[in-house]
Amino acid sequence: MIRTAHHYFLGLGSNLGDRAANLAQGIEGVGSLPGAKVLAISPVFDSDPVGFTEQPNFLNICLSLSCELKPRDLLAAALALETQAGRVRSSNKNGPRTLDVDLLFWDGGEHRSPELTLPHPRWKERGFVTVPLRHLLQSATLASDPRWDWLRHEILTAPTGGDELRAWQGSTPWRPTPG
Numbered sequence: 037m038i039r040t041a042h043h044y045f046l047g048l049g050s051n052l053g054d055r056a057a058n059l060a061q062g063i064e065g066v067g068s069l070p071g072a073k074v075l076a077i078s079p080v081f082d083s084d085p086v087g088f089t090e091q092p093n094f095l096n097i098c099l100s101l102s103c104e105l106k107p108r109d110l111l112a113a114a115l116a117l118e119t120q121a122g123r124v125r126s127s128n129k130n131g132p133r134t135l136d137v138d139l140l141f142w143d144g145g146e147h148r149s150p151e152l153t154l155p156h157p158r159w160k161e162r163g164f165v166t167v168p169l170r171h172l173l174q175s176a177t178l179a180s181d182p183r184w185d186w187l188r189h190e191i192l193t194a195p196t197g198g199d200e201l202r203a204w205q206g207s208t209p210w211r212p213t214p215g
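Quick note: the sequence shown uses the numbering used here, first residue 37, plus one each step.
Written out as structure tokens, the structure is:
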């Protein structure tokens, strides 16, 4: 049976422990999924927490992924990666976490199920998603991909994050994809 690879955009974040190492674990984890290949990684941004503000700042990235998994299966794999990284889920959905892996978009357009909605319903409200995503869409890997022209247009009107978002100056074990 021939499997079809799908193109996804994911958002990763961490605000507990070694944040950069947690993101690296997330990148490695999604890259090791069935038929998966990480195509591009945004620069890293340091962001203030949203919602529950009495917690450490987050490091955030977006990445582009080619993967054979369907959205529901990729979500299950992402949740397993979060658990492997030590994430403990609580009733506070905006609480601190070692690793957060959000599915933002896929090349199949809209997806609606009880556990997952794509595009992510709050992506435009979050500078920690829109700013890294802008960088990704301008990268040499993705800039000429016509499947994402609509998203490049949409993102022009999305918030940039203002003071609550800063380019992170620390080192990482991976290299962001050049723009």
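Glycine included, each C-beta is placed from N, C-alpha and C at the ideal position. Quantities reported herein were computed from a predicted structural model and do not represent experimental measurements.
Inset, instruction - Give the single residue among Pro132, Arg202, Asp143, Leu101 whose Cα lies nearest to the Cα of glutamate 90. - result: Pro132
Inset, instruction - Starting from valine 124, follow the alpha helix (DSSP H) in both directions and report where the run begins and ends. - result: From DSSP, valine 124 is part of no alpha helix (DSSP H); its letter is neither H nor E.
Inset, instruction - Let me know if threonine 119 comes out buried or exposed under the rule of 16 or more other beta-carbons within 10 Å of its beta-carbon. - result: Exposed, by the Cβ-count rule.
Inset, instruction - Take histidine 171 as the anchor and find which of Thr196, Arg158, Pro155 has the nearest alpha-carbon. - result: In terms of CA proximity to histidine 171, Thr196 leads the group Thr196, Arg158, Pro155.
Inset, instruction - For isoleucine 191, I'd like the list of residues in its chain whose CB is within less than 7 Å of its CB, leaving aside the five on either flank, ordered along the chain. - result: Apart from the 5 residues on each side of it in sequence, isoleucine 191 sits with its Cβ closer than 7 Å to the Cβ of Thr166, Leu169, Arg170, Leu173 in its chain, given in chain order.
Legend entry - Which listed residue (Gly144, Pro209, Ala60) has its alpha carbon closest to that of leucine 117: Ala60
Legend entry - Buried versus exposed call for alanine 121 [16 or more other C-beta atoms within 10 Å across all chains shown]: The residue is buried, with at least 16 neighbouring Cβ atoms inside 10 Å.
Legend entry - Simplified DSSP assignment, three categories, for aspartate 138: strand
Inset, instruction - Determine the DSSP secondary structure at histidine 156, reduced to helix, strand or coil. - result: Here histidine 156 sits in coil by DSSP.
Inset, instruction - Starting from the C-beta of arginine 188, find all residues in its chain whose C-beta is less than 7 Å away, skip the five residues before and the five after it, and write them out in chain order. - result: Leu173
Inset, instruction - Give the range of the alpha helix (DSSP H) segment to which aspartate 181 is assigned. - result: Where aspartate 181 is concerned, there is no enclosing alpha helix (DSSP H), given that its DSSP letter is neither H nor E.
Inset, instruction - Using the Cα positions of leucine 111 and aspartate 181, report the straight-line distance between them to the nearest angstrom. - result: 24 Å
Inset, instruction - Over the uninterrupted beta strand (DSSP E) stretch that includes arginine 202, give me the two end residues. - result: 201–203
Inset, instruction - Report the rounded CA-to-CA distance for phenylalanine 94 versus proline 85, giving the unit in angstroms. - result: About 6 Å.
Inset, instruction - Determine, using beta carbons only, whether leucine 140 and arginine 123 come nearer to each other than 8 Å. - result: No. Outside cutoff.
Inset, instruction - Look up arginine 81 in the DSSP assignment and give the residues it is bridged to. - result: This sequence places phenylalanine at residue 81; arginine is not what is there. Paired residue(s): Asn96, Ala203.
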